[in-house]
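Here is the structure we will look at.
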Amino acid sequence: MKLAIIYLIIINLIATILFCADKRRARKDKRRIPESILHLFELVGGIFTIIPLMFIIRHKNQKWSYKLISFIILALWIFFIALAVIRLN
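425 is the number of the first residue of the sequence shown in the working numbering; add one for each residue after it.
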């Protein structure tokens with residue numbers, strides 16, 4: 425359990441750095457971080473910081489295709505967490 429928490433902290437930290445870097449690059453009209461990389465970090469656990477960051481720093485919150493994939497990933501995470509909690513009880 426302790427290892428899982430450390431893993432999620434590290435993944436969310438990396439996801440936050442990547443997402444903020446992409447926002448910075450967008451402002452400076454530089455080469456962007458591919459959405460596939462951002463979604464990959466969401467999928468492996470970074471979703472818990474990416475969703476709030478979308479609205480806090482106003483990045484990718486207007487792009488419906490990006491939000492749709494992100495919310496599907498969030499729904500999957502909620503499903504699997506609920507499944508794990510049910511199995512533990």
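Where a beta carbon is used, it is the ideal one built from N, C-alpha and C, also for glycine. Since the structure is predicted, the reported quantities are computational estimates derived from the model, not experimental observations.
- Contact annotation, L477 with F443: C-beta distance approximately 5 Å; criterion of less than 8 Å satisfied.
- Secondary structure note for R449: its alpha helix (DSSP H) is the uninterrupted segment 426–451.
- Note that the region 463–482 touches the region 437–454; at least 3 beta-carbon pairs, one per stretch, sit closer than 8 Å.
- Secondary structure note for E466: it is in no alpha helix (DSSP H), with a DSSP letter that is neither H nor E.
- Between the alpha carbons of S494 and A428 lies a gap of roughly 21 Å.
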